[in-house]
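A.B. asks:
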Amino acid sequence: MKTNRLYIPILALALAAGFTSCDDFLDREPMSTVDPEVYFTQVSQLESYANQLYENILPSHGNWSYGIFGEDSGTDNQTGATANNRFAEGLWKVPNKDDDNWKFEWIYRCNFFLQNVLEKYGTKEDGSENTIMGDLASIKHYIGEIYFLRAYEYFKRYQKYGDFPIITEPLADDMEILRESNKRMPRTEVARFILDDLKKAYDFLSAKEMATTRINKDAALLLRSRVALFEGTWLKSFEGTAFVPNGEGWPGASKDYNKDYQFKSGSIDKEINYFLEQAIADAETISEAYKKNDLAENKGLQQSVNDPANPYYDMFAQEDLSGVPEVLLWRQYGRGLVTHNVNVAANRGNYMNGVTRAFVNNFLMDDGTPVYTHGSYADGDGYYKGDKTIADVRINRDGRLELFLKEPGQVSILYENIEGNEASMTEPIPNITETNAERGYNTGYALRKGGSFDQKHYANGGGYTAAVCFRATEALLNYMEAYYVRYGNRGGHVDEYWQILRNRAGITGTIDQTISATDMSQEALNDWGAYFAGNVIQDKTLYNIRRERRCELMAEGLRYMDLCRWRAMDQMMTTPYFVEGIHIWGTPMEHWYDDPENGGSKLIADGSDNATMSSRDKSEYVRPYQKNTKQVGYDGFHWHMAHYLTPLPINQFLVTASDGQTIGDSPLYQNPYWPTTADMPAEK
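Mind the numbering: the sequence shown is residues 58 to 741 in this note's numbering, read in order.
#1: Can you list, in chain order, the residues of its chain whose CB lies under 6 Å from that of K513, leaving out five sequence neighbours each side?
#2: Which ranges would you report for the alpha helix (DSSP H) in the region 514-598 if only whole runs of at least 4 residues count?
#3: Using DSSP bridges, identify the partner residues of W30.
#4: Pull up the CB-CB distance for R673 and W642, whole angstroms please, since I reckon it's below 8 Å.
#5: Which residue or residues does DSSP assign as beta-bridge partners of D511?
#6: DSSP puts M372 in a beta bridge; with which residues?
#7: From G586 to L421, what does the alpha carbon distance come to, in whole angstroms?
#8: What does the Cβ neighbour count give for S723, buried or exposed, with the cut at 16 atoms within 10 Å?
#9: Helix, strand or coil for Y178, going by three-state DSSP, please let me know.
#10: Could you spell out the range, first to last residue, of the alpha helix (DSSP H) harbouring D254?
#11: Quick check: what's the CA-CA separation for I125 versus D716?
#12: What's the gap between the Cα of Y215 and the Cα of A662?
#13: Output needed for A581: all residues of its chain with C-beta closer than 6 Å, excluding positions within five of it in sequence on either side, in chain order.
#14: When the Cα of H550 is compared with those of G501, E464, I337, which residue comes out closest?
#15: On the CB-based measure, 16 or more other CB atoms within 10 Å of its CB, does I234 come out buried or exposed?
#16: Heavy atom of the ligand GTP less than 7 Å from the Cβ of Y211, yes or no?
#17: Excluding the 5 residues flanking W121 on each side, which residues of the same chain have their C-beta closer than 6 Å to its C-beta?
#18: Buried or exposed: where does Q718 fall if 16 or more other Cβ atoms within 10 Å of its Cβ makes it buried?
#19: For M190, which beta-bridge partners are listed by DSSP?
#20: Indicate the three-state DSSP secondary structure (helix, strand or coil) for R624 in the structure shown.
#21: Mind reading off the beta-carbon distance from V412 to L534? Whole number of angstroms is fine, and I expect it under 8 Å.
#22: Closer than 6 Å by C-beta to R244: which residues in its own chain qualify, once you throw out the five before and the five after it? Chain order, please.
#23: To the nearest angstrom, how far is it from the Cα of A299 to the Cα of G432?
#24: Less than 8 Å between the CB atoms is what I'm expecting for K445 and H640, so what's the real figure, rounded?
#25: Please report the distance separating the alpha-carbon of D260 from that of I251.
#26: Please check if any C-beta of chain B sits within less than 8 Å of the C-beta of K240.
#27: List the endpoints of the continuous alpha helix (DSSP H) containing Y331.
#28: Specify the secondary structure class of D80 as computed by DSSP and reduced to three states.
#29: Taking the C-alpha atoms as reference points, what is the distance between A138 and N685?
#30: Among L705, R603, V284, which has the Cα closest to the Cα of K154?
#31: So, helix, strand or coil for H640, using DSSP?
#32: Can you tell me which of the three DSSP states P729 falls into?
#33: What separation, rounded to the nearest whole angstrom, lies between the Cα atoms of E376 and Y541?
#34: Write down the C-beta distance between L278 and A539 rounded to the nearest angstrom, noting that I regard them as a contact closer than 8 Å.
#35: Pair every Cβ in the region 681-695 with every Cβ in the region 626-639, then say whether three or more of these pairs are closer than 8 Å.
#36: Can you give, in chain order, each stretch of the beta strand (DSSP E) that sits fully within the region 677-716 and has at least 3 residues?
Structure (structure tokens):
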């Protein structure tokens, strides 16, 4: 134990000294100050090294934000204080340098670990050649964690860029080696590489009982299903275009090393099926293991939203998730140690990550019918109560909306504690005129997801509830979509898994009744996921599977990923989209702001710089980006085909060119429809 206490801080200091930023090829970080002969000889050192990567690679709650719950901002679900530049004309431009996106730092660290640790572990599966001191099962487990972390980091980069260099070892300081390593591999090869890393992770990860704060076999399978579903549906959505290998205009063909590329399966259709079948198999394994636990038996959504014992609500608002079988991997926080401000954000306006009207409308009634089957949105006399107040839209709805959509007057705190000095005891009228991100409500709709009932979690910047990284529910959704896209029917476990989710949400009608009542012309008004390549999809079953995913995974950071792989934003290339919030004009909510003490300053809708609200002639609903003409998004959201992928930064072309200045001499190539000139917008 003395040895462990000595080595861990030394390792931390060595890593801090060695991992300084540099402008080398691939954003490479030097490791010369970390001596592998010293630091990879004991199992405790492997664990310490892995721990550092957890914080920087896996999803977590950052401070002074809504954490994971705010990562869907910039989609049709949630929207921020300002419109995202990707939806504006000419504001997303090719960067000269972009270390945050084109980044290899964490990939390099994973490679450094694997090269040195695998050498000491040996080649025999039973570990008989291992020279690392410690429990063999634990040694294998930490090797598995690094394979997982490398795969996860690669998945993030591959989502942004598609084709990407595959690098499996720390590279020497040799110009030719570094230049050669920059070759972008076709996206299908990158996806296969990620799946292979996750298979290795699964094989190495411990089968013994481990805390669910550590990466495990089930998390590896779930991520495999996510990656496979992503690539299979991306290839299907973009087939024949420049966004897939060998599609028309694919820029990879311009390089000799890719010009003769052939899909490993033999054709793009076979490649699509390969990935979908992988997604089905891995998702099924997880789903079958967990469907009889919380997923099938949890009736939490039918309980009072103010009941602190509500297991579904509490899954996102408690300190310890080790007793929640549905949660496969979570991050632990500690009071006064590692904290966040998510609870405070949920207690206010979500740091101005406003929920959209379109998202609220998309949730079914609790009998399984869409809201538009019960009259107009403004009506308030029938089963659907309309949207003249926030309270109305929650009545008789899908339990997930009832549970998480905030309503003025709701009890927010059940257990008082003087430490939580930033807590509002009850939900106030949404402050839609406030411009301070900490307290403003951007659309009028906000979520209470992540809000604890215990006031002790509401010290400013001092929250310490857990962050869910992966939960088994996603596996059911991955299976449903992958199976239906692959086979075109609801065979296998599709209906079984779907019904489990509907039961927990308190939806009583049948799946067939929902599908029959679906009007795609209406859904297209509320859901970008109703589109495929600019056209409204006509398969109502597929659409409702997408709807289920949207509602179940609300505010969990997966929406933009889904919209991209579905190619669901093409329609904004020809028709602008206007984000809306609550029904403000001509409703009782308009008069909430007559008295500024209720919810902010009075509504000023004159289009001036002092305007606090969009005008009535624009819409009866809040349009957060149409208060004045200077706002990004005032003319609606627009899209460019290029925006489905991120542009490569220009400095990477120059640093990899043999002469340091000829872009065409670089082994890199730009993504479709992005220029190779810095500070220029997309061409298409």
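All residues carry an ideal CB built from backbone N, CA and C; glycine is no exception.
C.D. replies: Answer, in terms of the structure:
#1: N474, E476, G477, listed in sequence order.
#2: Fully enclosed alpha helix (DSSP H) runs of 4 or longer: 530-544, 551-561, 568-574, 577-583.
#3: Any property of residue 30 remains undetermined from this structure, which presents the chain solely from 58 to 741.
#4: Between W642 and R673 the Cβ distance is about 4 Å, and since that is below 8 Å, they are a contact.
#5: In the DSSP output, where bridge partners are listed per residue, D511 has Y472.
#6: As far as DSSP is concerned, M372 takes part in no beta bridge.
#7: Straight-line Cα distance between these residues: approximately 15 Å.
#8: With 16 or more Cβ atoms within 10 Å of its Cβ, S723 is classed as buried.
#9: DSSP places Y178 within a helical segment (H, G or I) once states are collapsed to three.
#10: Residues 244-261.
#11: Going from the Cα of I125 to the Cα of D716 covers about 43 Å.
#12: As the crow flies, the alpha-carbon of Y215 is around 43 Å from that of A662.
#13: Within the same chain, A581 has close Cβ partners A587, V593.
#14: When G501, E464, I337 are compared, the shortest CA-CA separation from H550 is found for I337.
#15: That one is exposed.
#16: Absence of the ligand GTP from the depicted structure is noted, as is the absence of any ligand whatsoever, leaving it without description.
#17: N398.
#18: So Q718 counts as exposed.
#19: Under the DSSP definition of a beta bridge, M190 partners with Q99.
#20: In the structure shown, R624 adopts coil according to DSSP, grouped into three states.
#21: No, V412 and L534 are not in contact; Cβ-Cβ is about 20 Å, not under 8 Å.
#22: If the five residues before and after R244 are omitted, its C-beta is found closer than 6 Å to the C-beta atoms of G219, D220, all from its own chain and listed in chain order.
#23: Inter-residue distance for A299 and G432 is about 43 Å (C-alpha atoms, whole angstroms).
#24: Between the beta-carbon of K445 and that of H640 there is about 6 Å, and that keeps the pair under the 8 Å contact cut.
#25: Cα-Cα distance, rounded: 14 Å.
#26: No chain B appears in this structure, which consists of one protein chain only.
#27: Counting along the chain, the alpha helix (DSSP H) containing Y331 begins and ends at 325-347.
#28: Low confidence applies here, because D80 scores a pLDDT of 38, under 50, leaving its location unreliable; read the following figure in that light. Secondary structure of D80 (DSSP, three-state): coil.
#29: Using only the alpha carbons, I get a separation of about 14 Å.
#30: Minimum Cα distance to K154 is reached at L705.
#31: In the structure shown, H640 adopts extended strand secondary structure according to DSSP, grouped into three states.
#32: It is coil, neither helix nor strand.
#33: Approximately 37 Å between the Cα atoms of the pair.
#34: The Cβ separation is near 13 Å, so there is no contact.
#35: In short, these stretches touch, since the Cβ pair count reaches three.
#36: You should have found no qualifying run.
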